[in-house]
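In what follows, a single structure is set out as structure tokens and then discussed.
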Amino acid sequence: MSTAPVADQHRLLEVQALDTRAAQIAHQRAKHPAHQTVAELSSRLADVESAVVTSRTAVSDLRRELTKAEQDVEQVRSRANRDQARLDAGANAKDAQALTSELEALARRQAALEEVELEVMERLEAHETALADLTSARDDILEQQQAAAAELEKVLAELDEQAAQVVAEREQRAAGLDAGLVALYDRVRAQQGGVGVAALRGRRCEGCRLELNPSDVEHIKAAPEEQVVRCEECSRILVRGADAPR
Ligand SMILES: [Zn+2]
């Protein structure tokens with residue numbers, strides 16, 4: 009049977025209230041909805057950034073394809089120009105006929121290649137528009153994500169400040185408490201979900217919220233004031249008379 013000064017038993021309830029508050033702040037810190045907002049925006053940002061990379065690759069591939077198509081057209085055009093120059097310079101009838109038919113073939117070839125060039129240009133234009141849209145969406149999400157991250161940081165800083173106040177107050181309230189009582193409190197608190205001490209109100213333990221049986225209550229009430237008593241149900245330290253004026 010351990011004993012502790014009655015005042016220490018009562019003060020332990022205040023320490024418990026501060027420990028409970030600290031646990032609530034820690035819970036709020038861990039479960040704050042701003043974490044979720046930041047995580048969702050970060051995930052959307054990663055998706056859209058990857059889409060931007062894909063789109064940029066497509067655009068650069070198409071730019072290369074367009075350069076190639078332009079070179080193809082240019083090659084046929086310069087060949088046709090050379091043929092035309094030879095024809096204009098006055099070729100013999102046989103050569104003239106060959107050159108004329110080659111020029112016709114080159115004209116058809118050029119038309120076909122210009123069609124390819126045009127088609128590539130159209131695709132490039134569509135992809136450039138898509139890339140611009142994606143880039144602007146990325147910038148929007150980035151801005152939202154940064155704002156949400158700043159908001160989260162602010163919320164956490166506020167909670168940290170509250171936690172620091174609670175720690176300071178707890179330190180002050182716990183100073184000089186009976187060491188045996190504190191050791192018991194810490195042990196029970198670790199076993200009982202963070203609550204090591206509770207008030208006895210009437211017959212009810214405020215720790216487990218159960219009504220104790222009358223003989224236990226009689227036993228507890230009959231025990232010397234300085235004796236540290238425990239709840240029969242949850243084994244928490246019970247503080248008597250916390251509800252009565254002292
Ligand atoms: Zn209890």
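Position 64 of the sequence shown, counting from 1, maps to 72 under our numbering, and the rest follow consecutively.
Beta carbons: idealized from backbone N, C-alpha and C, even for Gly.
Keep in mind it's a predicted model, so treat the numbers as computed, not measured.
On the DSSP bridge list, what partners appear for residue i?
| i | result |
| --- | --- |
| Ala115 | Answer is none; Ala115 lacks a bridge partner. |
| Ala140 | The partner list for Ala140 (beta bridge, DSSP) is empty, contrary to what the question assumes. |
| Ile245 | Val205 and Arg238 |
| Glu219 | Arg212 |
| Thr108 | Paired residue(s): none; Thr108 is not in a bridge. |
| Thr11 | Gln235 |
Skipping 5 residues on each side, what residues in its chain have a beta carbon closer than 7 Å to that of residue i?
| i | result |
| --- | --- |
| Leu246 | Ala206, Leu208, Cys213, Ile228, Val237, Arg238 and Cys239 |
| Ala252 | Because Ala252 sits at a pLDDT of 49, beneath the cut-off of 50, its placement in the model cannot be relied upon, and the following sentence gives the value as read from the coordinates. There are no such residues. |
| Arg217 | none |
| Ala111 | Before going on, a small fix: residue 111 reads as Leu here, not Ala. Excluding positions up to five away in sequence, the list reads Ala88, Asp91 and Gln92. |
| Arg219 | Sequence inspection shows Glu at residue 219; the Arg mentioned does not correspond to that position. Cβ within range, chain order: Arg211 and Arg212. |
| Asp69 | none |
| Leu150 | Leu53 |
| Arg117 | Val84 |
Using the Cα positions of residue i and residue j, report the straight-line distance between them to the nearest angstrom.
| i | j | result |
| --- | --- | --- |
| Val60 | Arg146 | 8 Å |
| Val81 | Leu121 | 6 Å |
| Glu234 | Pro13 | 5 Å |
| Leu142 | Glu73 | 22 Å |
| Arg88 | Glu123 | Here residue 88 turns out to be Ala, not Arg, going by the sequence shown. Each residue's alpha carbon lies about 18 Å from the other. |
| Glu159 | Thr45 | 10 Å |
| Gln32 | Leu132 | 56 Å |
| Arg37 | Ala231 | 42 Å |
| Lys76 | Ala157 | 46 Å |
| Ser86 | Ala115 | 11 Å |
| Ala34 | Arg211 | 32 Å |
| Arg52 | Lys39 | 21 Å |
| Gly184 | Gln154 | 47 Å |
| Glu8 | Ala171 | The question about residue 8 has no answer here: the residues shown for the chain are numbered 9 through 254. |
| Ser144 | Glu130 | 21 Å |
| Asp55 | Thr65 | 16 Å |
| Leu167 | Asp148 | 29 Å |
| Ala113 | Gln83 | 14 Å |
| His18 | Asp224 | 21 Å |
| Val23 | Ala176 | 11 Å |
| Gly249 | Glu161 | 43 Å |
| Asn221 | Ala165 | 47 Å |
With C-beta atoms as the reference, is residue i less than 8 Å away from residue j?
| i | j | result |
| --- | --- | --- |
| Leu20 | Arg178 | no |
| Ala182 | Val174 | no |
| Leu95 | Ala104 | yes |
| Ser243 | Val196 | yes |
| Ala42 | Val163 | yes |
| Ser58 | Ala138 | no |
| Glu48 | Glu78 | no |
| Ala119 | Leu107 | no |
| Asp194 | Asp16 | no |
Might you give, ordered along the chain, the residues of its own chain that have their beta carbon closer than 8 Å to the beta carbon of residue i, omitting 5 neighbours on each side?
| i | result |
| --- | --- |
| Arg71 | Leu132 |
| Val67 | Leu132, His135, Glu136 and Leu139 |
| Ser10 | Gly188, Leu189, Leu192, Gln235 and Val236 |
| Gln152 | Leu49 |
| Gln200 | Gly215, Cys242, Ser243 and Arg244 |
To which residues of the same chain is residue i closer than 6 Å at the C-beta, ignoring the five residues directly before and after it?
| i | result |
| --- | --- |
| Glu169 | none |
Q) Can you list the beta strand (DSSP E) stretches of 3 or more residues lying completely in the segment 149–173, in chain order? A) none
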